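Trainee: I have a structure here, written as structure tokens, and I will follow up with some questions on it.
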Amino acid sequence: MKRINFPLLLGGIILLVLLLLTYFPEQFTSRDPIHEEPPRYIEYQVDGELVKELSVNPMRPNTINLMGTDDAGRDIYARLVYGTKNTMRLAFLIALFRMFLALPLGVLAGMGHKGLSKIIGFFTTFFSAVPMLIFAYILLNFNYFYRMQMEKSIMAFAV
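Residue 114 in my numbering sits at position 16 of the sequence shown, and the numbers go up by one each step.
Right, here's the structure in full:
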């Protein structure tokens, strides 16, 4: 009898949920991610009593905004749901670029090209010393990348 690979099963379920969020965000939230909420009265319970309070942005989680709102009054949950599309696109592009770059370099280095082995060794040492997230943060804070449109910045970050 085969044993169930629980990490693989859990990863598959998470990937399925992320793909559903990517392609069908309107099924998970009816809120617009860029709509700014005006100040309003919200109700919540304190010691069993219903309290009505005028709430301004950022709002705490309530029945309308499951995770509350940010400083501009945009629904955080809706922004997370709709932002999944950009995250999944970025993850796919990074995996694709890494495969197109690493596969030929690895094959050629494995066939005995010393120069490529040294290049791979340099990048391995560099990215071991400077984590990729810090490197990307420094690089993408240059004014050129900071002012890019979302689609172009995703491509730049993936490369």
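Ideal Cβ placement from N, Cα and C applies to all residues, glycine included.
All figures in this text were calculated on a predicted structure; none of them were measured in a lab.
Do asparagine 163 and tyrosine 180 come within 8 Å of each other at the CB atom, strictly closer than that value?
Mentor: Your numbering for residue 180 matches position 82 in the sequence shown. Your numbering for residue 163 matches position 65 in the sequence shown. For tyrosine 180 and asparagine 163, no; Cβs fall outside 8 Å.
Trainee: Going residue by residue through the segment 137-215, where are the continuous beta strand (DSSP E) segments of at least 3 residues, counting only ones entirely within it?
Mentor: Complete beta strand (DSSP E) runs here, min 3: 138-144, 147-153.
Trainee: Do leucine 116 and methionine 209 have their C-beta atoms within less than 8 Å of each other?
Mentor: Counting from 1 along the sequence shown, the entry for residue 116 is found at position 18. Counting from 1 along the sequence shown, the entry for residue 209 is found at position 111. No. Outside cutoff.
Trainee: Give the DSSP bridge partners of glutamate 134, in chain order.
Mentor: Translated into positions along the sequence shown, residue 134 becomes position 36. Beta-bridge pairing links glutamate 134 to Arg172.
Trainee: Hey, out of Glu147, Asp145, Lys100, Arg138, whose CA is closest to methionine 157's CA?
Mentor: Here residue 157 refers to the residue found at position 59 of the sequence shown. Methionine 157 has its Cα closest to that of Arg138, out of Glu147, Asp145, Lys100, Arg138.
Trainee: Taking C-alpha atoms, which residue in Ile232, Thr182, Leu191, Ala193 lies nearest to phenylalanine 126?
Mentor: Within the sequence shown, residue 126 is the residue found at index 28, counting from 1. The option with the nearest alpha carbon to phenylalanine 126 is Thr182.
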